[in-house]
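*Asks:* Below is one structure. I have some questions about it.
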Ligand SMILES: [Zn+2]
Ligand SMILES: [Zn+2]
Ligand SMILES: [Zn+2]
Ligand SMILES: [Zn+2]
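In the numbering used here, the protein residues as written are 20 to 271.
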């Protein structure tokens, strides 16, 4: 049986089964007490869900005057990035792509660098997103409301994220901590392995002759777990809402 998605508000530490409603109260209260900018800025409160894995949920505070590229980058950092694949937003029957490509109708799509968030989205608008057209991860998004608060407006703030779901080991009832890359694309359940069953996985592996320990990668809290070369977010706390300093520059 699927457990219900649970999550904690990263602003106040509280739990709520109606996180969207909670955040509409909590965000203005938090930033009036802990402003990270001297001015008010306009943001959208946005919920993001895995289309085929709805237990993965993010609540984000997204500055409206930034370009869609900022939201794309954030989703890649937290949930998606493996090999710099193409991605697109679909908003009111229009495609906005990460790089210049022809859209579904054969016309050049606008790129995310050109499109300002507040120009194409507004409260109550539902839209979608695809990362990687070969092995796609599809997301459903919704603008819950518009909020004006004293928060830094050069980044997306992560307000709440689902607790890591329980993934059962294929061979026993323990919690899986690893997954086998050889099995993951064909059968994610079979790919899941706990610490104790690592050696025993060879017996059930879909490609036992190819199996090696370094083909096991950590289980991740992401709808892209087990897809392509995805191996987890690099720095999950980088975008933490409490951080008032600039995000640390990429080490690469
Ligand atoms: Zn809260
Ligand atoms: Zn990839
Ligand atoms: Zn096990
Ligand atoms: Zn395997």
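Every residue gets a Cβ at the ideal spot worked out from N, C-alpha and C, and that includes glycine.
Taking buried to mean at least 16 other C-beta atoms within 10 Å of its own C-beta, is residue 134 buried or exposed?
*Replies:* buried
*Asks:* Need the endpoints of the beta strand (DSSP E) that residue 116 sits in, please.
*Replies:* 113-116
*Asks:* Are the stretch 169-178 and the stretch 42-53 in contact at 8 Å, needing three or more beta carbon pairs?
*Replies:* yes
*Asks:* State the Cα-Cα distance for the pair residue 197 and residue 229, rounded to the nearest angstrom.
*Replies:* 17 Å
*Asks:* Identify every residue that forms a DSSP beta bridge with residue 198.
*Replies:* 211 and 236
*Asks:* To the nearest angstrom, how far is the alpha carbon of residue 40 from that of residue 30?
*Replies:* Taking the straight line from one Cα to the other gives about 14 Å.
*Asks:* Who are the Cβ neighbours of residue 121 in its own chain at under 8 Å, not counting the five residues just before and after it?
*Replies:* Only 127 and 128 meet the Cβ criterion.
*Asks:* For a quick check, are the C-beta atoms of residue 132 and residue 86 less than 8 Å apart?
*Replies:* Cβ distance < 8 Å, so residue 132 and residue 86 count as in contact.
*Asks:* Pick helix, strand or coil for residue 131, following the three-state DSSP scheme.
*Replies:* coil
*Asks:* Look at the Cβ atom of residue 209, then the Cβ atom of residue 189, and state whether they are nearer than 8 Å.
*Replies:* yes
*Asks:* Taking contact to mean at least 3 C-beta pairs separated by less than 8 Å, is the stretch 241-252 in contact with the stretch 92-109?
*Replies:* yes
*Asks:* Could you have a look at residue 179 and say whether DSSP puts it in helix, strand or coil?
*Replies:* strand
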